[in-house]
Amino acid sequence: MLRFLGQGKYSARELIGYELFLRESVEGQWQFPKDFGKFAPEDVASLLVSTIKSLPNTIQLVSLNLDQPQFIDPRYSIELGAAQRICPDTQIIVELTEHEYGISAEQLHNAASLFQEQRLWVCLDDVGTGANSVALAEHMSDVVLEYKFALQNFRGKRDFVTSVSPQLQFWWEQAHVSNTFLVIEGFEEQSDLKVATNYPADIVQGYYFERPHLTKLK
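So in the UniProt record's numbering, spot 53 of the sequence shown is number 53, and the numbers just go up one at a time.
Written out as structure tokens, the structure reads:
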């Protein structure tokens with residue numbers, strides 16, 4: 001995650017955070033887990049703490065993704081809240097993914113309130129996609145501190161700029177109206193910076209800046 005200094009030109013950049021991608025080793029290969037539900041909340045929190053302690057002291061933010069079933073599991077707010085108290089100088093952000101599991105907006109709102117009570121930030125990941133609709137964003141506006149807009153969801157469109165610009169403008173305006181941070185992710189090449197110039201984000205991230213890599217834990 002990066003913060004730009006002088007956002008008009010998206011020029012000078014400051015590394016301020018990382019997104020934690022949970023992977024498992026299968027026969028010596030790191031793979032995307034088929035079932036995140038098999039990981040205990042306390043194990044995820046412990047891994048998060050170890051990761052944060054392995055990062056430079058200048059890192060201000062670390063985020064991790066939770067699908068709806070994990071998000072509404074009260075054990076996560078307890079365990080991640082404990083992790084936040086262990087690492088008070090690094091803000092932990094809980095990203096609610098866009099994957100649909102049929103869980104009601106009220107349940108998600110109540111769960112977000114529990115994270116908020118633990119001084120954790122809640123982010124709606126991939127806003128405007130899947131379950132993370134405009135309606136859900138409005139319902140959770142009082143407990144969500146961050147919207148994350150994914151440029152990669154518009155890859156492959158005939159005209160990338162024409163397709164993405166109206167949606168990006170909408171969420172940029174939503175973030176300002178609701179006093180919510182806006183993150184734009186999915187930057188893959190320099191031309192992507194031009195797309196976002198008119199909609200300065202608080203934070204940006206993507207392969208253009210840095211590829212995911214393993215972190216050696218302490």
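All C-beta atoms in this analysis are idealised placements derived from N, C-alpha and C, irrespective of residue type, glycine included.
Exercise. Is residue 215 near residue 90, with beta carbons less than 8 Å apart?
Worked result: no
For this session: Going by CA-CA distance only, name the one from 61, 25, 33 that's closest to residue 16.
Result: 61
For this session: Would you give the residue range spanned by the alpha helix (DSSP H) that residue 17 belongs to?
Result: Per DSSP, residue 17 belongs to no alpha helix (DSSP H); it is in the beta strand (DSSP E), 17 to 20.
For this session: Would you be able to state if there are at least three C-beta pairs under 8 Å between the stretch 83 to 101 and the stretch 130 to 143?
Result: yes
For this session: Going by CA-CA distance only, name the one from 178, 81, 43 that's closest to residue 141.
Result: 178
Exercise. Residue 102 to residue 77, Cα distance in whole Å?
Worked result: 20 Å
Exercise. Is there contact here, the stretch 68 to 82 with the stretch 106 to 119, by at least three beta-carbon pairs under 8 Å?
Worked result: yes
For this session: Kindly give me the distance between the Cβ atoms of residue 186 and residue 151, rounded to whole angstroms, as I take these residues to be in contact under 8 Å.
Result: 3 Å
Problem set entry | Contact under 8 Å by Cβ, residue 48 with residue 20 | yes
For this session: Let me know the secondary structure DSSP gives residue 103 once reduced to three states.
Result: coil
Problem set entry | Nearest-angstrom Cα separation, counted from residue 138 out to residue 263 | With the chain represented from 1 up to 218, any question about residue 263 goes unanswered, as that position is not in the structure.
Exercise. Near residue 196, which residues of its chain fall below 6 Å by C-beta distance, leaving aside the five closest residues on each side in sequence?
Worked result: 184
For this session: Using the Cα positions of residue 5 and residue 158, report the straight-line distance between them to the nearest angstrom.
Result: Confidence at residue 5 is low in this model, with a pLDDT of 49, below 50, so the placement of that residue is unreliable and no value is reported for it.
Exercise. When you compare each of 120, 64, 105 to residue 88 by their alpha carbons, which one comes out closest?
Worked result: 120
For this session: Look at the alpha carbon of residue 80 and the alpha carbon of residue 36, and state the distance between them as a whole number of angstroms.
Result: 16 Å
Exercise. Which full runs of the alpha helix (DSSP H) of 4+ residues lie inside the stretch 138 to 193, going along the chain?
Worked result: 160 to 177
Exercise. Should residue 64 be labelled buried (16 or more other beta-carbon atoms within 10 Å of its own) or exposed?
Worked result: buried
Problem set entry | Boundaries (first-last residue) of the alpha helix (DSSP H) holding residue 52 | 41 to 54
Exercise. For the candidate residues 212, 126, 108, whose alpha-carbon lies nearest to that of residue 148?
Worked result: 126
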